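Visitor: Sequential numbering of the sequence shown, starting at 1, is according to UniProt numbering.
The beta carbon of each residue, even a glycine, is placed where N, CA and C say it ideally should be.
These figures come from a predicted structure and were not determined experimentally.
Let me begin by handing over the structure; questions about it come next.
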Amino acid sequence: MSQAPTTGGNGMTYADAGVDIDAGNTLVKRIKPHVKATARPGADSDIGGFGGLFDLKAAGFSDPVLVAANDGVGTKLKIAIDSGQHATVGIDLVAMCVNDLVVQGAEPLFFLDYYACGALELETATAVVKGIADGCRLAGCALIGGETAEMPGMYASGDYDLAGFAVGAAERGRLLPRGDLAEGDVLLGLASTGVHSNGFSLVRRIVERSGLGWADPAPFAGDTTLGAALMTPTRIYVKSLLEALAAGPGIKALAHITGGGLPENLPRVLPEGLAARIDLAAISVPPVFQWLARTGGVAEAEMLRTFNCGIGMVVAVAADAVDAVTATLEGAGETVVRLGALEARATGASDGDEDAVVFDGALAL
Numbered sequence: 001m002s003q004a005p006t007t008g009g010n011g012m013t014y015a016d017a018g019v020d021i022d023a024g025n026t027l028v029k030r031i032k033p034h035v036k037a038t039a040r041p042g043a044d045s046d047i048g049g050f051g052g053l054f055d056l057k058a059a060g061f062s063d064p065v066l067v068a069a070n071d072g073v074g075t076k077l078k079i080a081i082d083s084g085q086h087a088t089v090g091i092d093l094v095a096m097c098v099n100d101l102v103v104q105g106a107e108p109l110f111f112l113d114y115y116a117c118g119a120l121e122l123e124t125a126t127a128v129v130k131g132i133a134d135g136c137r138l139a140g141c142a143l144i145g146g147e148t149a150e151m152p153g154m155y156a157s158g159d160y161d162l163a164g165f166a167v168g169a170a171e172r173g174r175l176l177p178r179g180d181l182a183e184g185d186v187l188l189g190l191a192s193t194g195v196h197s198n199g200f201s202l203v204r205r206i207v208e209r210s211g212l213g214w215a216d217p218a219p220f221a222g223d224t225t226l227g228a229a230l231m232t233p234t235r236i237y238v239k240s241l242l243e244a245l246a247a248g249p250g251i252k253a254l255a256h257i258t259g260g261g262l263p264e265n266l267p268r269v270l271p272e273g274l275a276a277r278i279d280l281a282a283i284s285v286p287p288v289f290q291w292l293a294r295t296g297g298v299a300e301a302e303m304l305r306t307f308n309c310g311i312g313m314v315v316a317v318a319a320d321a322v323d324a325v326t327a328t329l330e331g332a333g334e335t336v337v338r339l340g341a342l343e344a345r346a347t348g349a350s351d352g353d354e355d356a357v358v359f360d361g362a363l364a365l
């Protein structure tokens, strides 16, 4: 007759090694309502299985091409951890992925997250996942699964890391950028909400130089703290851009302005032979960038290649569709600025990207 194994009084447990399975189960129970709130056609957003399911036919697609993206939020996490503000970093995580999907003309369908920590702190993890669910609702995609990894010895006490994975779809033949980008197409900029989720290693060095703490008043943001101001979440442009794409054929290309700024992200959607001419004076630079530039002594060129400087998305539009596209985007809540236009790249320009973006004027730093 067999017996169940027993543990002696000195036997070790997984909890002794720093991993609390019960806490993980509790987290799943806590986040289920937030996850279910992201349900959309094609997904029921139920969690607990070995994988998440999505039905493309139920989502309304007939001949879809799938588009996938993954990303993190970089060292913005350090500010979240050090300032104890975890409620919106999940929105950043979703934004960095789904904005990369929509620039290819794809509708974000579902999202999965990876949360890794040294010891699972339920309040922190719940706040982070709720933020992820909030971001999914803003993007119209379902949170269909994720992974929580408790790894003592890998992460210091209180630290955690995040990664996100998003999948979207577009009907075949409707992907961006289109093949008809041409000289004279107009470039529209959509305003950012601030630093978004790039350049925070430099941000943290500048804050260190300033001598300010995260709980001190933000010199550039009135009655809020420095930590809260810098944790303003990345804007999610998905719903407004999908509305504009559905309204007509005016939009030819989109560029998400992340690390590398305008100089390195615009060339990613431009064909050989075309350059983007940008009027920097047209950009309304948010005060946070002015403070960063002055406090850190950061030159304009370095600001442009590190931060979005106030423009989180660029829209390339046929000249005869500018008014219609602008009206749709503004009606959907975006702040739109006319940045410039596409032109023939200079004769003799190199094959690299350094000649693909030409700046006129100066940023108001």
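Which runs of the beta strand (DSSP E), 3 residues or longer, sit entirely within the UniProt domain "PurM-like N-terminal" (65-169)?
Guide: If we require 3 residues or more, the beta strand (DSSP E) runs fully inside the UniProt domain "PurM-like N-terminal" (65-169) come out as 107-117, 142-150.
Visitor: Scan the stretch 183-238 and note each continuous beta strand (DSSP E) run of 3 residues or more that stays entirely inside, going in chain order.
Guide: Taking only runs of at least 3 residues, the beta strand (DSSP E) segments lying wholly in the stretch 183-238 are 186-191.
Visitor: Between the C-alpha atoms of L365 and L120, what's the straight-line distance to the nearest angstrom?
Guide: Cα to Cα, L365 sits roughly 42 Å from L120.
Visitor: Please state the DSSP three-state secondary structure of D323.
Guide: Three-state result, D323: helix.
Visitor: In the DSSP assignment, find the alpha helix (DSSP H) that holds L304 and state where it starts and stops.
Guide: First-last of the alpha helix (DSSP H) with L304: 300-306.
Visitor: Counting pairs of Cβ atoms below 8 Å between the stretch 76-95 and the stretch 14-25, do you hit three or more?
Guide: Taking 8 Å as the limit for Cβ pairs, the verdict is that the stretch 14-25 does not touch the stretch 76-95.
Visitor: Rounded C-beta distance between V357 and I278? I'm assuming under 8 Å.
Guide: With a Cβ gap of about 6 Å, V357 and I278 count as contacting.
Visitor: How close, in whole Å, do the beta carbons of R235 and C141 come, if the pair is a contact with beta carbons under 8 Å?
Guide: Rounded, the Cβ-Cβ distance is 16 Å, inconsistent with contact.
Visitor: I believe A191 touches I311 by the beta-carbon criterion, under 8 Å. Please report the beta-carbon distance rounded to the nearest angstrom.
Guide: So it is a contact: roughly 7 Å between Cβ atoms.
Visitor: Select from R204, A301, S62 the residue whose C-alpha is nearest the C-alpha of L77.
Guide: Minimum Cα distance to L77 is reached at R204.
Visitor: What residues in its chain sit with their C-beta under 6 Å from that of Q290, if we drop five residues either side in the sequence?
Guide: Hits under 6 Å: L365.
Visitor: Excluding sequence positions up to five away, which residues of its chain have a Cβ less than 8 Å from the Cβ of D355?
Guide: Excluding sequence neighbours, D355 sits near A275, R345, A346, A349.
Visitor: Quick one: residues in its chain with C-beta nearer than 6 Å to the C-beta of V67, no 5 flanking neighbours on either side, listed in chain order?
Guide: Counting only Cβ-Cβ distances below 6 Å, and skipping sequence neighbours, we find L101, Q104, A106, G168.
Visitor: Is the beta carbon of F165 sitting closer than 7 Å to the one on N70?
Guide: Yes. Within cutoff.
Visitor: Quick check on DSSP: helix, strand or coil for D22?
Guide: Three-state result, D22: helix.
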